[in-house]
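Numbering (our numbering), first residue to last: 899 to 1432.
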Amino acid sequence: MNYIQVNSGLNTYFKLVASGNEGGDPYSRFTEANRVLEQLDSLTVLGERSYVTVLLTNGSYYMNYSVSDYNPLDWMDRPWFEKLNSLRGLESYWTGPEPTTFNYDKFDHPYQISVARPLRRGDSEIYGYVIVTVMEDQFNQIFRKLSAGQEVLLTDAAGTIVSHRNPERVGASFTYASPEGDARSSLIRKGKETYLLTERNIPMAGWRLIMMQPYKEAIVNISSIFNKVFLFQMVSFAVFLLILICLVRAFTQPLVRLSKVTTAVQRGNLEVRTGVRGNDEIGRLGLLFDQMLDRVKEMIAEISASQARKRNAELKMLQAQINPHFLFNVLNSIRMKIMKHGDLESAKMVGSLSVLLRMTVSREEDEITLHEEIDLVSHYVSLMNLRQREAALLDLQIDPEAFLVRVPRFILQPVVENALIHGLRQRAGLITIRAVLRAGEVILSVYDNGGGMPPERLADIRTKLAEGTLPAEGQERGGHFSGIGLHNVAERMAMIHGEAFRMHISSEPGSGTVIEMHFPQREGARDVQRDAGG
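What follows is the structure, given as structure tokens:
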């Protein structure tokens, strides 16, 4: 039916015949009609026999059987024929089982089943019909190939049997079908026996395929399958268990060895080794554990040798302490002699040098109070003024509470050194040191009224200071007294206070430079009292 409806050659020919425009001489019309009949015959050459009929609205017909076998025009007298006019598109009408009308098959095949569809033009006008008829027993031959205990049948939507292995059941009503027509499986009671009923819808015809089988026979197959699956699972579980035991032993044996060696090491035996090797994680763990024990022995030997060298170094350091004390005593003697001769300024400079050297060499603590750091800077500025032709003034604006704040040693000296050399350029000027306490924070700033720096130089210093790439001042200038640069000051403060420390640098050409440091307050009053009490 699909072939006839989509074949453009056949459709064109049928439309011409139905409209009476076939044309041509009688021989050409006979030849064309014969060609169409051959195509219809070719559709049913292979497979089971089927009867194909094409009825046109003008009364013409084409079929693959003889008129003596069945008159094609009799199809129009069937009660279902008028229903074909209400079909749309590729919809088809299935007739269900009917007594066989073809004389050739009437005696051997009692029932036939037909499917019909209208042929339409582009404007939906019907110009013909296609009817395909097959014998009912072509369906039930498939059912006969199933097992003897299974009953398979076809029913229509009303539950009437369309095809059955027993021809006497065709046309009868099947009372066990689902009224909703849904696909389902259920158990039904038929007489004294229980059956497993399975239904499946056939949408294109509105029919249902139904299978009934005694429940006992159905569960025999299920039980057999279950027993085989259960036996297979038990054998598989036993094999898996044996493999698992072997694998667990292979995995745990090196771990047991590692545990024993670890216990021995805990007792102090560093000579024992695991000897566990392999390409897996446990083998690598054993190798690394043995290497760790070897490294521990080496480190113990290194620490022992280092402690011995340290004791020797402490002894030598104790001996070398005589030299700084000797140097300080000599400087004090020189200062006293200069004072006796009345040169008070030179004596003051020698005293400043002595204090500065004592702070540099003798003090061992990392942090001092702010007033000690300012005292150190004052002496440093006094000494630097000796080297310059013009003296620089030091202005101190320190809150009284800030004097006891603890700061790292030499935290101001590098900043003041920058102001003297780069800001004032070793000329006369003013260096102001301010210390303010504000909400538990110390704000320490150093200001010089020197020449300042251009914006690009200021931006470069800020960038390098933020990235930690600013070189130490001692590296830039070839070495000065401290050797501790601005970057080292920022780095030391950041190591002590972390993110709580901030440094800001601001400068304008001709207006000087300001370096401002913010860090949390750490007072040293208790330490001072403890030292005084000691």
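Idealized CB from N, CA, C, for every residue including glycine.
Just so it is clear, the structure is predicted and the values come from calculations on it, not from any experiment.
**Report entry** Chain-order list of residues whose beta-carbon lies under 8 angstroms from that of aspartate 1293 (same chain, five-residue window excluded)
**Finding:** Excluding positions up to five away in sequence, the list reads Leu1328, Ile1329, Thr1330, Ile1331.
Query raised in the report: What are the complete beta strand (DSSP E) segments, minimum 3 residues, inside the segment 962-1007?
Result: Qualifying beta strand (DSSP E) stretches, in chain order: 991-997.
Query raised in the report: Using the rule of at least 16 other Cβ atoms within 10 Å of the residue's Cβ for burial, across every protein chain shown, is histidine 1402 buried or exposed?
Result: Under this definition histidine 1402 is an exposed residue.
Query - Span of the alpha helix (DSSP H), counted from its first residue to its last, around serine 958 - result: Run containing serine 958: none; DSSP gives neither H nor E here.
Report task. Work out the CA separation of alanine 1116 and glutamate 1049 for me, nearest whole Å. Result -> Taking the straight line joining both Cα atoms gives about 13 angstroms.
**Report entry** Cross-strand partners of serine 1061 (DSSP beta bridge)
**Finding:** According to DSSP, which records beta bridges pairwise, serine 1061 is partnered with Leu1052.
**Report entry** Buried or exposed (CB count within 10 angstroms, at least 16 for buried), threonine 993
**Finding:** Counting Cβ neighbours within 10 Å, threonine 993 comes out buried, since at least 16 surround it.
**Report entry** Three or more C-beta pairs below 8 angstroms linking the segment 1306-1320 and the segment 1390-1409
**Finding:** With a cut-off of 8 angstroms, the segment 1390-1409 and the segment 1306-1320 count as touching, because enough Cβ pairs lie within range.
Query raised in the report: When you compare each of Phe1037, Leu1274, Asn905, Arg1285 to arginine 1018 by their alpha carbons, which one comes out closest?
Result: The residue with the shortest Cα to Cα distance from arginine 1018 is Asn905.
Query - the segment 1051-1061 touching the segment 979-996, judged by at least three CB pairs closer than 8 angstroms - result: Contact annotation: the segment 1051-1061 touches the segment 979-996, with at least three C-beta pairs closer than 8 angstroms.
Query raised in the report: What residue from Val950, Leu1052, Ser1404, Asn1210 has the CA that sits closest to arginine 1106's CA?
Result: Nearest in C-alpha terms to arginine 1106, of all of Val950, Leu1052, Ser1404, Asn1210, is Leu1052.
**Report entry** Expected contact under 8 angstroms - CB spacing of valine 1174 and arginine 1155 to nearest Å
**Finding:** Contact flag correct, Cβ pair sits at about 6 angstroms.
Query raised in the report: Name the DSSP beta bridge partners of leucine 1094, please?
Result: Under DSSP, leucine 1094 takes part in a beta bridge, and its partners are Leu1085, Gln1111.
Requested in this report: Within the same chain, show all residues whose beta-carbon is closer than 6 angstroms to that of tyrosine 1345, passing over the 5 residues directly before and after it, in chain order.
Outcome: Correct list, in chain order: Thr1330, Val1412.
**Report entry** Cβ separation of valine 1248 and leucine 1229, assumed to be a contact under 8 angstroms, to the nearest whole Å
**Finding:** A Cβ-Cβ distance of about 6 angstroms is found for the pair valine 1248 and leucine 1229, placing them in contact under the 8 angstroms criterion.
Requested in this report: Whole angstroms is fine: what's the gap from asparagine 956's alpha carbon to asparagine 919's?
Outcome: Roughly 12 angstroms separates the two Cα atoms.
Requested in this report: Inspect the beta-carbon positions of histidine 1385 and arginine 1400 and report whether they are closer than 8 angstroms.
Outcome: Their beta carbons are not under 8 angstroms apart, which means histidine 1385 does not touch arginine 1400 by this criterion.
Requested in this report: Please state whether DSSP places aspartate 1192 in a helix, a strand or coil.
Outcome: Reduced to three states, the DSSP call for aspartate 1192 is helix.
Query - Buried versus exposed call for threonine 1150 [16 or more other C-beta atoms within 10 Å across all chains shown] - result: Threonine 1150 should be labelled exposed.
**Report entry** Among Ile1201, Leu1363, Ile902, Asp1297, nearest to threonine 1471 - alpha-carbon criterion
**Finding:** Nothing can be reported for residue 1471: it is not among the residues displayed for the chain, which extend from 899 to 1432.
Report task. Would you kindly report the start and end of the unbroken beta strand (DSSP E) that includes histidine 1385? Result -> Counted as a single uninterrupted DSSP element, the stretch harbouring histidine 1385 is not any beta strand (DSSP E) but the alpha helix (DSSP H) occupying residues 1384-1395.
Query raised in the report: How would you call glutamate 1271, buried or exposed, if buried means at least 16 neighbouring beta carbons within 10 angstroms?
Result: Classification of glutamate 1271: buried, given that the 10 Å Cβ count is 16 or more.
Query - Sequence-distant residues of the same chain with beta carbon closer than 6 angstroms to serine 958, five excluded per side - result: Result list for serine 958: Val915, in chain order.
Query raised in the report: Who are the near neighbours of serine 1084 in its chain, counting only those whose CB is closer than 7 angstroms to its CB and skipping five residues on each side?
Result: The answer, listed in chain order, is Leu1095.
Query - First through last residue of the alpha helix (DSSP H) which encompasses serine 1022 - result: Where serine 1022 is concerned, there is no enclosing alpha helix (DSSP H), given that its DSSP letter is neither H nor E.
Query raised in the report: Who are the near neighbours of aspartate 1188 in its chain, counting only those whose CB is closer than 7 angstroms to its CB and skipping five residues on each side?
Result: Take aspartate 1188, set aside five residues on each side of it, and the residues of its chain with a beta-carbon closer than 7 angstroms to its own are Arg1171, Thr1172, in chain order.
Query raised in the report: Nearest-angstrom Cα distance between glycine 1349 and leucine 1291?
Result: The alpha-carbon atoms of glycine 1349 and leucine 1291 are separated by roughly 16 angstroms.
Report task. Would you tell me roughly how many angstroms separate the C-alpha atoms of leucine 938 and serine 948, rounded to the nearest one? Result -> Looking at the two C-alpha atoms, the distance is approximately 11 angstroms.
Requested in this report: With a threshold of 16 other CB atoms inside 10 Å of the CB of tyrosine 925, please say whether the residue is buried or exposed.
Outcome: By the neighbour-count rule (16 or more Cβ atoms within 10 Å), tyrosine 925 is not buried but exposed.
Query raised in the report: Are leucine 1356 and serine 1405 touching if we call contact CB-CB under 8 angstroms?
Result: Yes; because the gap between Cβ atoms is below 8 angstroms, this pair is in contact.
Query raised in the report: Which word fits aspartate 1003, buried or exposed, when buried means at least 16 other C-beta atoms lie within 10 angstroms of its C-beta?
Result: Burial call: buried.
Report task. Pick helix, strand or coil for asparagine 1099, following the three-state DSSP scheme. Result -> Asparagine 1099 falls in the strand class under three-state DSSP.
**Report entry** Rounded straight-line distance, which links the Cα of tyrosine 1009 to that of leucine 985
**Finding:** When rounded, the separation of the alpha-carbon atoms in leucine 985 and tyrosine 1009 is 25 angstroms.
Query - Minimum C-alpha distance to valine 1334 - residue among Pro1298, Ile1359, Asp975 - result: Closest option to valine 1334, Cα to Cα, is Pro1298.
Report task. Hey, could you find the ends of the beta strand (DSSP E) proline 1306 is sitting in? Result -> Looking at the DSSP string, the run of the beta strand (DSSP E) that includes proline 1306 is 1304-1306.
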